[in-house]
Amino acid sequence: KTWKEGIRGVDSDVPSITKSIVNHVQTSLARQAYNVDNVGAYQAVALSVRDDLIANWNETQLYTTNKTPKRAYYLSLEFLMGRTLDNALLNLGLKQKYNEGVEKLGFNLEDIVDCERDAALGNGGLGRLAACYLDSSATQELPVWGYGLRYKYGIFQQLIAPDGSQLEAPDPWLNNQNPWELPRLDVTIEVRFYGHAERLDKGKAIWSGGQEVLAVAYDVMIPGYHTKNTNNLRLWESKPKRGFDLDSFNAGDYDRAVASSTSAENITSVLYPNDNTYIGKELRLKQQYFWTAASLSDIMRRFKNTGKNISEFPDFVAIQLNDTHPTLAVPELMRLLVDEEDVPWDKAWKIVTNTFFFTNHTVLPEALEKWPVPLMQNLLPRHMQIIFDINLQFLQSVERKFPGDRDRLARMSIIQEGTPQYVRMANLACIGSRKVNGVAELHSELVRTTIMKDFVDYYGVSKFQNVTNGITPRRWLDQCNPLLSDLITETLKIKKEVWLRDLYKLEGLLKFADDPTFQKKWAAVKQSNKERLAHHVETQFGIKVNTSAMFDVQVKRLHEYKRQTLNILGVVHRYLTLKAMSPAERKKVNPRVVFFAGKAAPGYYIAKLTIKLIVNVARVINEDPDTKEYLSMFFLPDYSVSLAEILIPASEVSQHISTAGTEASGTSNMKFCLNGGLLLGTVDGANIEIAEEVGESNVFFFGHLTPAVEELRYKHTYHPVPVEEKCPPLAKVLNEISSGRFGDGSVYEPLLNTIRQVDYYLVTEDFDSYIRALEMVDTAYQDRNGWIKKSICTTAKMGKFSSDRAIMNYAEEYWNIEQIKVP
Ligand code: 26V
Numbered sequence: 044k045t046w047k048e049g050i051r052g053v054d055s056d057v058p059s060i061t062k063s064i065v066n067h068v069q070t071s072l073a074r075q076a077y078n079v080d081n082v083g084a085y086q087a088v089a090l091s092v093r094d095d096l097i098a099n100w101n102e103t104q105l106y107t108t109n110k111t112p113k114r115a116y117y118l119s120l121e122f123l124m125g126r127t128l129d130n131a132l133l134n135l136g137l138k139q140k141y142n143e144g145v146e147k148l149g150f151n152l153e154d155i156v157d158c159e160r161d162a163a164l165g166n167g168g169l170g171r172l173a174a175c176y177l178d179s180s181a182t183q184e185l186p187v188w189g190y191g192l193r194y195k196y197g198i199f200q201q202l203i204a205p206d207g208s209q210l211e212a213p214d215p216w217l218n219n220q221n222p223w224e225l226p227r228l229d230v231t232i233e234v235r236f237y238g239h240a241e242r243l244d245k246g247k248a249i250w251s252g253g254q255e256v257l258a259v260a261y262d263v264m265i266p267g268y269h270t271k272n273t274n275n276l277r278l279w280e281s282k283p284k285r286g287f288d289l290d291s292f293n294a295g296d297y298d299r300a301v302a303s304s305t306s307a308e309n310i311t312s313v314l315y316p317n318d319n320t321y322i323g324k325e326l327r328l329k330q331q332y333f334w335t336a337a338s339l340s341d342i343m344r345r346f347k348n349t350g351k352n353i354s355e356f357p358d359f360v361a362i363q364l365n366d367t368h369p370t371l372a373v374p375e376l377m378r379l380l381v382d383e384e385d386v387p388w389d390k391a392w393k394i395v396t397n398t399f400f401f402t403n404h405t406v407l408p409e410a411l412e413k414w415p416v417p418l419m420q421n422l423l424p425r426h427m428q429i430i431f432d433i434n435l436q437f438l439q440s441v442e443r444k445f446p447g448d449r450d451r452l453a454r455m456s457i458i459q460e461g462t463p464q465y466v467r468m469a470n471l472a473c474i475g476s477r478k479v480n481g482v483a484e485l486h487s488e489l490v491r492t493t494i495m496k497d498f499v500d501y502y503g504v505s506k507f508q509n510v511t512n513g514i515t516p517r518r519w520l521d522q523c524n525p526l527l528s529d530l531i532t533e534t535l536k537i538k539k540e541v542w543l544r545d546l547y548k549l550e551g552l553l554k555f556a557d558d559p560t561f562q563k564k565w566a567a568v569k570q571s572n573k574e575r576l577a578h579h580v581e582t583q584f585g586i587k588v589n590t591s592a593m594f595d596v597q598v599k600r601l602h603e604y605k606r607q608t609l610n611i612l613g614v615v616h617r618y619l620t621l622k623a624m625s626p627a628e629r630k631k632v633n634p635r636v637v638f639f640a641g642k643a644a645p646g647y648y649i650a651k652l653t654i655k656l657i658v659n660v661a662r663v664i665n666e667d668p669d670t671k672e673y674l675s676m677f678f679l680p681d682y683s684v685s686l687a688e689i690l691i692p693a694s695e696v697s698q699h700i701s702t703a704g705t706e707a708s709g710t711s712n713m714k715f716c717l718n719g720g721l722l723l724g725t726v727d728g729a730n731i732e733i734a735e736e737v738g739e740s741n742v743f744f745f746g747h748l749t750p751a752v753e754e755l756r757y758k759h760t761y762h763p764v765p766v767e768e769k770c771p772p773l774a775k776v777l778n779e780i781s782s783g784r785f786g787d788g789s790v791y792e793p794l795l796n797t798i799r800q801v802d803y804y805l806v807t808e809d810f811d812s813y814i815r816a817l818e819m820v821d822t823a824y825q826d827r828n829g830w831i832k833k834s835i836c837t838t839a840k841m842g843k844f845s846s847d848r849a850i851m852n853y854a855e856e857y858w859n860i861e862q863i864k865v866p
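Under the UniProt record's numbering, the first residue of the sequence shown carries the number 44, and numbering increases by one thereafter.
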C-alpha cells in the first residue's frame, strides 16, 4: 500500500502524459503541435497537471461537504503563492515522468517551469506565511479554506533606473491566462456600500440604498503533498451589478454611463504595496469590506446548508483573522446574525466571540490600523452603529471591573477620541475574538506587555498566546534545493516524504556532522547552488560573480526597522578598510559577495533612498581594481518568491538585523537556515528561537537587547551625543558617503540624517557590535570544516520551523478541527 492509492493522476505513465499535453495544445490552446514555444508548452503542461488537481479537488470537496466537519477559514488580504507548476508536480509525485514526457516532445521541464509568472498577491512575510499555511493545511488533510482577493495587479514590478532609484511598473500577471484558477461565475454575492441604516427595536436595523457591487468567486486548488486532499483558496473579484447606467447612456453621456461600473471593478484592481505601514485610503477600506462581506456570506450559506441550528455556528466554523485587515468581519457577522437571522444581540455576540481568532503581526505603531469614523460612517453606516454598540457594552463591562479608571477606558475603547474620532481595528479584533496570538515568543510577549496590556488585565493572560511562524519544507527545501533534498534522503536512509512531513527527522543528520565524506557532499551542494545563482545573475544582469567568495545575503522588504542601512554602512566600512590595506594584507582577506534584494513601498522616501545608495555604492566597489576581488555587491531587482528560491539555497550567511523588538518573527531567517545558511542577526523575532534550536554557537548574534531599546531612544532624544563621539568608524563611513565618494553625496543627506539625528532604529548604537560580528563570521569561515559542520547542524535542528507544526497548533489549540482522510 503506497501513498498513491486512490489519488487521481499519480499513476499516469509517460505516454499518457505526452498524449494529454499534445491534446491540450490542440484543443485548449487551439494550436498546431509543431508550432509551440516554451510559453505554449508551459500552458499545455499546466493544463494537463490541472486535470489531475481538479479530479482530486472535486472528490475532496464533495467528501468534506457530505461529512460536515468543523471547518476553519483563513482570511487574508494577501496570499503570496509564487509559482504553482513545479510544486504541483512534486506534490503529485509526477515530476520525473513529466520530465521525460516533456523531453520526448522536445522541451526541457526547467525552461517550461521558468515560463510561469509568479502569483504575487502579497507584500512580504504576512502574505507568504498565508501561502505556507495553505500548503501545510492541505498536506495535513485539514478542512481549511483560504479567502482573499483576486487582484488584477499583484505587487508592482521593480525596475532600477540609470541613476539607481526604484521605478515601479504594473504586474499584469493575468495577461497570460491563469490555468490554476477556476472561475465560478455562478457563485456571486451582492455587497453593499454607503446608503443609510435605520434602527429598529431590539438592536436591529435595516441597511438600504447606496451602491451594490457583485463579488465573483475564483477557486484556486491547493494540493497537499502526497495526499489526495486538495483544499481551496477562494479569491473574490469585483464586478458591477448592472452593466451601465441606461439613462446616461441614452443621453449620450458614455463616460457617466460606465462610471459606476468602473468604480465597482476598481475595488479588486490592485494590491496595496505597503508593508508594515498603515495608509487610510477609502479604496483600501472598500477592499476590506468587499472581501469580508463576500467571504462571510459564503461561509454562512455553507453553514446553513448543513441544516444546523445557528447557535451551533462556532461548533462548525472557525475564522482566523490574518492581522486586522479582515476585522470588519466582526461587525459584519453581528449584522448577519442580528439583522438578517433575527438572533438576539447577546446571543449573536456569544457566537461571534467564539468564532474568530486574531493574529497580530507587528507591534510597530505606524502599522496599526485606525479608520476615521466619518469615513467608515459614510461607507458602512450600519457597521458604524454596530461598532458603537459593541464598544458601549464593552466599556460598561470594563468599568464594572475597574471602576472609575477613566484613562483605562480611553485606552481600551474601540474609538479613539479626537477630531475626527478613529476606529482602532486591533481593539475591535481583540474584543471580537476568542484568542489573540503573536507570531514568535518575543513578539507575543511584547503583544502582552505593550499594545494589549490593558486587555491582558481585563481578560486574563490565557487569551493571549503564541504560535511561532513556520515555513513549508516542500517549497523551501525539496522544491528550491533538490540537490540538498536528495543528499538528506540518501543520508537519513528514510523516504523523502517521511522527513518532509516530520521535519524533526532532520536531526538524524547530526551524527554525520563530522563525517568528512558527508561534509564534502554537503559543501558540493552549496557550491552548486552558488553557481546556479551566479549563472542567474550573469544571464539576467550581465555581471560576473566570484563563486569562491562567501555569499552573504539580505533580502526582504526595505524598511528602516529592518536596517538595510546597517548592512550597507558595514559594506562601506569593509571597503574603506580594504582600501587602507597593502596588497599583501588584502590577500589574507576572505572574499565576500553581498547580495541585496527587496522592494520599497512607492511612497516610502527613505526606503527608496536606501536602494539608491546600495546601487551606487555597488557601482563604485565593483569597479575598483584594488578591492573588487575581495568585495563585491549586487542589488538584484524585483525580488519575488521565485527569485528567493534561487537566492536562499545559495546563501552561506544571511542577515536578519532588525532593531531588537521590531521584527515580529521573520520567516526568511527560517528558510535560509533550513538550507544550511548561517544566521547573522539581532536578538529579535524568531532569530531567538532559531538560536535556541541550533545552538548559540551556530549563529552570529550582535546588538542591544529589547529591554535596552526604549532607554537608548530616550537618551537619544534628551541627551544626544554626536556620531563622531559615539562611533568614530561609523562617522567616517557617513562622511565618505556625504563627501561624494559614491556619487553626489547631497542626495543621501536625508537618509544619513536619520542616523546622525534621531536614529530611532539605533544604527549608531549597534554599529560596533555589528562590525565585530562580521569579523567573527570571517574568522569562522576560514575554518572550512568547522563552517560546514555549523551548516549541517543548523539544517539538522530546524524541525520546529515547519509550518506543519504551526498549523497543527492552530488546528488543535484554536480552531478545534480534525484531519479528514478522503477515501
Ligand atoms: C500590512 C499592510 C498591507 C497593505 C496596506 C496596509 C498595511 C498595513 C499594515 C500591514 C501589516 C503588515 C504586518 C506584517 O507584514 N508583519 C510581518 O508578518 C510576518 C508574518 O508573521 C512576520 O514574519 C514579520 O516579522 C512581520 O513584519
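No residue lacks a Cβ here, since even glycine has one placed at the ideal position from N, Cα and C.
- Item | Buried versus exposed, by CB contacts within 10 Å (16 or more), residue 583 | Classification for residue 583: exposed.
- How about residue 279 and residue 240: do their beta carbons lie closer than 8 Å? No; because the gap between Cβ atoms is not below 8 Å, this pair is not in contact.
- What residue does the alpha helix (DSSP H) around residue 628 start on, and which one ends it? 626-629 is the extent of the alpha helix (DSSP H) around residue 628.
- Message: I want to know whether the region 562-578 touches the region 657-667 - three or more CB-CB distances under 8 Å.
- Response: With the cut-off at 8 Å, the region 562-578 and the region 657-667 do not touch.
- Task: Using three-state DSSP, classify residue 115 as helix, strand or coil.
- Result: In the three-state reduction of the DSSP assignment, residue 115 falls in the strand class.
- Specify whether the region 514-525 and the region 176-195 touch according to this definition: at least 3 beta carbon pairs, one from each stretch, less than 8 Å apart. Result yes; three or more Cβ-Cβ pairs closer than 8 Å.
- Query: For residue 486, is the classification buried or exposed, using 16 other Cβ atoms within 10 angstroms of its Cβ as the cut-off for buried?
  - Reply: Residue 486 sits buried, since 16 or more C-beta atoms from the chains shown fall within 10 Å of its C-beta.
- Pick helix, strand or coil for residue 593, following the three-state DSSP scheme. It is a strand residue.
- Helix, strand or coil at residue 623 according to DSSP, with G and I counted as helix: Secondary structure of residue 623 (DSSP, three-state): coil.
- Just to confirm, does residue 484 get its C-beta within under 7 Å of one of the non-hydrogen atoms of the ligand 26V? Not one heavy atom of the ligand 26V is found less than 7 Å from the C-beta of residue 484.
- Using 7 Å as the cut-off, classify the Cβ of residue 95 as near or not near the heavy atoms of the ligand 26V, replying yes or no. It does not: the Cβ of residue 95 is nowhere closer than 7 Å to a heavy atom of the ligand 26V.
- Between residue 707 and the ligand 26V, is the CB less than 7 Å from at least one heavy atom? Checking the Cβ of residue 707 against the ligand 26V gives yes.
- Local conformation of residue 726 per DSSP, three classes: Looking at residue 726 - three-state DSSP - the assignment turns out to be coil, as it is neither helix nor strand.
- Are residue 706 and residue 605 closer than 8 Å when you measure CB to CB? A contact, by the Cβ cut-off of 8 Å.
- When every heavy atom of the ligand 26V is checked, does at least one fall within less than 7 Å of the C-beta of residue 699? It does not: the Cβ of residue 699 is nowhere closer than 7 Å to a heavy atom of the ligand 26V.
- Proximity below 8 Å, CB of residue 368 to CB of residue 331: Yes. Within cutoff.
- DSSP on residue 865, reduced to helix/strand/coil? Residue state, collapsed to three classes: coil.
- Message: Any heavy atom of the ligand 26V closer than 7 Å to the beta-carbon of residue 749?
- Response: Of the heavy atoms belonging to the ligand 26V, none sits nearer than 7 Å to the Cβ of residue 749.
- Assuming residue 193 and residue 116 make a contact with CB atoms under 8 Å, what is their CB distance in whole Å? That pair is no contact at about 17 Å.
- Pull up the distance between the alpha-carbon of residue 311 and that of residue 412, whole angstroms please. Roughly 20 Å separates the two Cα atoms.
- Item | Neighbourhood of residue 572 by C-beta, 6 Å cutoff - its chain only, sequence neighbours within 5 removed | Same-chain partners within the cutoff: 692, 693.
- Please classify residue 587: does DSSP put it in a helix, a strand, or coil? Per DSSP, reduced to three states, the secondary structure at residue 587 is coil, with no helix or strand assignment.
- Grab the span of the beta strand (DSSP E) containing residue 647 for me, first residue to last. Counting along the chain, residue 647 falls outside any beta strand (DSSP E), and DSSP gives it neither H nor E.
- Same chain, Cβ closer than 7 Å to residue 65, neighbours up to 5 away in sequence not counted: Result list for residue 65: 76, in chain order.
- Message: Given 7 Å as the limit, tell me if residue 318 has its C-beta closer than that to any heavy atom belonging to the ligand 26V.
- Response: True, at least one ligand heavy atom lies under 7 Å from that Cβ.
- Message: In chain order, what are the residue ranges of uninterrupted beta strand (DSSP E) at least 3 long that sit wholly in the region 149-202?
- Response: Whole beta strand (DSSP E) segments, 3+ residues: 162-164, 187-192.
- Message: Below 7 Å, is the gap between the Cβ of residue 405 and the nearest heavy atom of the ligand 26V?
- Response: Yes, since a heavy atom of the ligand 26V falls inside the 7 Å radius drawn around the Cβ of residue 405.
- How far does the alpha helix (DSSP H) with residue 290 in it reach, from first residue to last? Segment 289-293, the alpha helix (DSSP H) holding residue 290.
- Message: For residue 727, tell me which candidate among 710, 718, 447 has the shortest Cα-Cα distance.
- Response: Residue 727 has its Cα closest to that of 710, out of 710, 718, 447.
- Task: Would you check whether the ligand 26V has a heavy atom nearer than 7 Å to the C-beta of residue 412?
- Result: Between the ligand 26V and the CB of residue 412, the shortest heavy atom gap is smaller than 7 Å.
- Message: By alpha-carbon positions, which one of 668, 577, 596 ends up nearest to residue 618?
- Response: When only C-alpha atoms are compared, the closest one is 668.
- Task: Have a look at 186, 200, 183 and flag the residue whose alpha-carbon is nearest the alpha-carbon of residue 160.
- Result: Minimum Cα distance to residue 160 is reached at 200.
- Task: Pair every Cβ in the region 366-385 with every Cβ in the region 123-139, then say whether three or more of these pairs are closer than 8 Å.
- Result: At 8 Å Cβ cutoff, the stretches do not touch.
- Item | Boundaries of the beta strand (DSSP E) in which residue 249 is found, first to last residue | 248-251 is the span of the beta strand (DSSP E), which, as asked, contains residue 249.
- Identify whether residue 30 lies in helix, strand or coil by the three-state DSSP scheme. No information on residue 30 is available, as it lies outside the stretch 44 to 866 that the chain covers here.
- Identify which residue in 87, 269, 600 has its Cα closest to the Cα of residue 222. Comparing Cα-Cα distances from residue 222 to each of 87, 269, 600, the minimum goes to 87.
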